[in-house]
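Numbering (the working numbering), first residue to last: 2 to 58.
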């Protein structure tokens with residue numbers, strides 16, 4: 002599955018596989034994918050999410 006083409010696919014990955022690299026690609030493609038980012042990575046990726054979609058937060 003290619004989260005760089007459809008960020009919402011991040012939901013289908015087990016949480017332990019949601020790495021910073023994977024989550025970054027997903028959130029860059031679709032800011033709403035932030036909802037599937039593990040809590041420990043959300044703060045890092047929030048700016049990217051908002052840049053991708055101003056309504057992401």
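The beta carbon of each residue, even a glycine, is placed where N, CA and C say it ideally should be.
Checklist line | Nearest to residue 32 (by Cα), restricted to the options 3, 2, 46 and 19 | finding: 46
Margin query: In this structure, how does DSSP classify residue 25 when only helix, strand and coil are distinguished?
Written below: helix
Next item on the list: Count the other CB atoms, across all protein chains shown, that sit within 10 Å of the CB of residue 12; report buried if there are 16 or more and exposed otherwise.
Entry: exposed
Notebook entry, point to check: Hey, quick one: how far does the alpha helix (DSSP H) through residue 51 stretch, first residue to last?
Noted result: 40-53
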